[in-house]
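Working notes, structure below.
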Amino acid sequence: MATPYAIYGLFPTPETAERGFNALDRAGVSPSRIIVMASEPFDEYAFSKMDHATPMPYIAALGGIVGGVGGFFLARLTQEAYPIITGGMPLLAAWPTGIVTYELTMLGAVITTIVTLLVTTKLPNWKSKLYDHEVSHGKILIGVIEPSSAMRAEIENRLRGAGAVKVKITGGQS
Amino acid sequence: MATKTPEQITEDLMRPMWGLSGRYVLAVAFLAGVVVAALCAFMWQVYAGLGVSGLRTPVFWGFYITDFVFWIGLSHAGTLISAILRLANATWRRPVTRCAEVITVFALSIGATFPIIHLGRPWLAFWLFPYPSERGLWPNIRSPLLWDFFAINTYLISSVTFLLLPMIPDFALIRDRANGWKQKVYGALSLGWTGTPRQWHRLETAMHIMAIAVIPVAVSVHSIVSWDFAMAPVPMWHSTIFAPYFVAGAIFSGIAALILAMALLRKFLHLEDYLLPIHFENLGKLLLVMSLLWFYFVFAERLTAWYGNETGEMPVFWTTQHGTYAGLFWLMVFCNFLIPVPILAIKKFRTILGTALASFTVVIGMWLERFLIIVPSLSHKYLTYSWGTYRPTWVEITITAGTFCAMALLYMIFSKVVPLISIWELKAGLHAAPHTPRVVVEPSEAGAD
């Protein structure tokens, strides 16, 4: 997969990145086309607020329920599969069944959380994609994916005007 | 640290990963030598049978189960403490969490091997798994040993992922600085991380959920380990206090191990700018609280047993007070209470050296505590004709020493593979108020509008 066509600026500070983000927003660039990358989370800035809504906690709870139901039936069916009285306890002993159910509830929630994280962030993804190694050196990347030809010059100007130390174009249309 | 730029922080924390010093190689060779000796001792035990250990009627649980409980307890250093501090949004936790989480993963892995080492026929360990064998036998769900299987595996999976998830952004940082095969390896490990807001937000949400899930799991693990004992009608074991007593002891030994590891890392990896006296002071206060709590539990347990004056329990009680095991018992009290409390209670002594010293004695004391829970009770069961003694052999001592060296060895190898302080979390902590929305004043957008 080739690197997508994009224009982006590399900003030295979160404040300048915020200006770059706002400038693109004011230029009428659709938020779905704006791309942001940073080597650390900047929760307090607007450019980090994209894509915040996630059903992950609910999915984790659902995973917990599935794990718990699975644990309950595993414990129950195991006790029924080899019925032997031990320690005067009933064949279907509630307390031990509760322990296995509890552990698998938590395991279900944990595994579902990890799977949801990987699916929603599209990881792993080792294919070629828009990225700049400067991000790892502290720069914040703000850009637009597949901008229209008419917008290209304006986007470049706005990114530079907001304080981008470099503006780059990737993909085939440069 | 306040004067360092994010780039300097990255460089400082990655520095221990590059290059090998002669001192490092020598230490690794020594530790690996002891681990190999322990493996040889284990192979000898497999070949010759459990008779080469000191396990004899009536004491069938000795060093191995002591080590099992000790290491599982020590594993509470990491994930539990890290999760609590994360949920409490304690900002000072940032340099501490990964050091702690690593202890959990390694200690839990080491601890989980002991039930297998302790088996007469370790190649049949898979019989513990909940699946029907060819003989149609199913594991007994009513056995606490099977509860261990579920609890330890759940905790291990949770702890490994709790450690690995925040490592992904740091792997990406290393990927972008490495060359050749290292770049390929870290590129694969970083899973293609780019640092978009979606990735950051999902990662932080996942870590939050994991922190909520992992705390009750950690508590359940050591409760279940305690129930291995408390479910048995053995004098001084069959007690309702055991679960909270074990959990408190686990957190106590876990914090001690964490302080000790941090002090050594600070010294040998030159992390003086990151692992600050305040971290040791705060953890020292936690250790002080746990020391007092531990003493409270010991006192409550002993008082109840003494006041009850039950015929079956009193021989066990007295053998630890002024009998065969009294020396070890009072050494335990000395190590867990009498030494650490004054050191940790007096601010002047709550230094890096002071907290490390107190932690060192606590680690010794907590190993002794595990031993004293197991052996005196088994050697003084209800009928006097069945009383006996226990003496560990060189096989058990070598295997025990090997696990301590294995822990140090794994930690040293890990320090060459991953930064022991989470770089991105540390940098994020430098923002003045991470959850306060920022308003950026817009200059006149010359050339833009």
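Residue numbers (the numbering used here), protein chains in the order written: chain A, 15 to 188; chain B, 1488 to 1936.
Just so you know, even glycine gets a beta-carbon here, dropped at the ideal spot from N, CA and C.
Owing to the predicted nature of the structure, the values given are computational and were not obtained by experimental measurement.
Inter-residue CB distance, residue i and residue j (contact presumed, cutoff 8 Å)
i                      : j                      : result
residue 1595 (chain B) : residue 1702 (chain B) : Not confirmed; about 15 Å, so no contact.
residue 1850 (chain B) : residue 1774 (chain B) : Contact doesn't hold; Cβ gap of about 11 Å is too wide.
residue 1882 (chain B) : residue 1540 (chain B) : 5 Å
residue 1864 (chain B) : residue 1876 (chain B) : With a Cβ gap of about 13 Å, residue 1864 (chain B) and residue 1876 (chain B) do not count as contacting.
residue 1735 (chain B) : residue 1784 (chain B) : 6 Å
residue 1598 (chain B) : residue 1537 (chain B) : Their Cβ separation, rounded to whole angstroms, is 19 Å, which puts residue 1598 (chain B) and residue 1537 (chain B) out of contact at 8 Å.
residue 1769 (chain B) : residue 1625 (chain B) : Residue 1769 (chain B) to residue 1625 (chain B), Cβ: 48 Å. No contact.
residue 1563 (chain B) : residue 1741 (chain B) : 4 Å
residue 35 (chain A)   : residue 21 (chain A)   : In fact, because the Cβ distance is near 14 Å, the residues do not count as touching under 8 Å.
residue 19 (chain A)   : residue 160 (chain A)  : 5 Å
residue 1553 (chain B) : residue 1858 (chain B) : 5 Å
residue 1898 (chain B) : residue 1593 (chain B) : 7 Å
residue 1840 (chain B) : residue 1582 (chain B) : The pair is not a contact, with the Cβ atoms about 19 Å apart (cut-off 8 Å).
residue 1747 (chain B) : residue 1753 (chain B) : Residue 1747 (chain B) to residue 1753 (chain B), Cβ: 11 Å. No contact.
residue 1644 (chain B) : residue 124 (chain A)  : 7 Å
Inter-residue Cα distance where the pair is residue i and residue j
i                      : j                      : result
residue 118 (chain A)  : residue 1528 (chain B) : 36 Å
residue 1497 (chain B) : residue 1910 (chain B) : 6 Å
residue 1695 (chain B) : residue 1665 (chain B) : 30 Å
residue 1933 (chain B) : residue 1657 (chain B) : The predicted model places residue 1933 (chain B) with a pLDDT of 42, which falls under 50 and marks its position as unreliable; any figure quoted below should be read in that light. Near 37 Å, if we compare the C-alpha coordinates of residue 1657 (chain B) and residue 1933 (chain B).
residue 51 (chain A)   : residue 1650 (chain B) : 23 Å
residue 1852 (chain B) : residue 1704 (chain B) : 25 Å
residue 1531 (chain B) : residue 1609 (chain B) : 13 Å
residue 97 (chain A)   : residue 80 (chain A)   : 26 Å
residue 188 (chain A)  : residue 176 (chain A)  : Reliability of the predicted coordinates at residue 188 (chain A) is poor, the pLDDT of 46 falling under 50, and no value is obtained from them.
residue 1825 (chain B) : residue 92 (chain A)   : 49 Å
residue 1896 (chain B) : residue 1676 (chain B) : 22 Å
residue 24 (chain A)   : residue 150 (chain A)  : 11 Å
residue 143 (chain A)  : residue 1612 (chain B) : 46 Å
residue 1575 (chain B) : residue 1683 (chain B) : 26 Å
residue 1661 (chain B) : residue 131 (chain A)  : 22 Å
residue 111 (chain A)  : residue 1834 (chain B) : 48 Å
residue 85 (chain A)   : residue 166 (chain A)  : 57 Å
residue 1642 (chain B) : residue 1655 (chain B) : 20 Å
residue 1546 (chain B) : residue 1819 (chain B) : 21 Å
residue 1845 (chain B) : residue 1821 (chain B) : 11 Å
residue 1646 (chain B) : residue 179 (chain A)  : 41 Å
residue 30 (chain A)   : residue 37 (chain A)   : 10 Å
residue 1872 (chain B) : residue 1614 (chain B) : 34 Å
residue 1561 (chain B) : residue 1589 (chain B) : 11 Å
residue 1591 (chain B) : residue 1731 (chain B) : 19 Å
residue 139 (chain A)  : residue 1916 (chain B) : 28 Å
residue 1759 (chain B) : residue 126 (chain A)  : 39 Å
residue 1794 (chain B) : residue 55 (chain A)   : 58 Å
residue 1906 (chain B) : residue 1585 (chain B) : 9 Å
residue 1709 (chain B) : residue 1827 (chain B) : 23 Å
residue 1491 (chain B) : residue 1632 (chain B) : 50 Å
residue 152 (chain A)  : residue 26 (chain A)   : 7 Å
residue 1667 (chain B) : residue 1505 (chain B) : 14 Å
Residues that DSSP places opposite residue i in a beta bridge
i                      : result
residue 184 (chain A)  : A:20
residue 1543 (chain B) : B:1546
residue 1561 (chain B) : Paired residues: none, contrary to the question.
residue 1767 (chain B) : Answer by DSSP bridge pairing: none, since residue 1767 (chain B) is not bridged.
residue 49 (chain A)   : A:157
residue 25 (chain A)   : A:154
C-beta atoms of residue i and residue j nearer than 9 Å
i                      : j                      : result
residue 61 (chain A)   : residue 183 (chain A)  : no
residue 66 (chain A)   : residue 1663 (chain B) : no
residue 115 (chain A)  : residue 74 (chain A)   : no
residue 1798 (chain B) : residue 71 (chain A)   : no
residue 181 (chain A)  : residue 43 (chain A)   : no
residue 1521 (chain B) : residue 1888 (chain B) : yes
residue 1525 (chain B) : residue 1838 (chain B) : no
residue 1634 (chain B) : residue 1714 (chain B) : yes
residue 1716 (chain B) : residue 1860 (chain B) : yes
residue 1507 (chain B) : residue 1908 (chain B) : no
residue 1902 (chain B) : residue 1790 (chain B) : no
residue 1686 (chain B) : residue 137 (chain A)  : yes
residue 1587 (chain B) : residue 1745 (chain B) : yes
residue 1602 (chain B) : residue 53 (chain A)   : no
Which parts of the stretch 106-133 of chain A are runs of the alpha helix (DSSP H), unbroken and 4 residues or longer, counting only runs that do not cross its ends? If only complete runs of 4 or more residues are kept, the stretch 106-133 of chain A shows no alpha helix (DSSP H) anywhere.
Counting only runs that start and end within the stretch 132-170 of chain A, where is the beta strand (DSSP E) found for 3 or more residues in a row? Listed in chain order, the beta strand (DSSP E) elements of length 3 or more contained wholly in the stretch 132-170 of chain A are 154-159.
List in chain order: all unbroken beta strand (DSSP E) runs of 3+ residues lying wholly within the stretch 1495-1530 of chain B. With a minimum length of 3 residues, no continuous beta strand (DSSP E) run stays inside the stretch 1495-1530 of chain B.
At which residue ranges does the stretch 1675-1713 of chain B contain complete beta strand (DSSP E) runs of 3 or more residues, listed in the order of the chain? Taken in chain order, the whole beta strand (DSSP E) runs of length 3 or more contained in the stretch 1675-1713 of chain B number zero.
Which parts of the stretch 1812-1871 of chain B are runs of the alpha helix (DSSP H), unbroken and 4 residues or longer, counting only runs that do not cross its ends? You should have 1813-1820, 1827-1832 and 1839-1866.
Ranges of the beta strand (DSSP E) found wholly within the stretch 1610-1674 of chain B, counting only runs of at least 3: List check, beta strand (DSSP E) in window: nothing returned.
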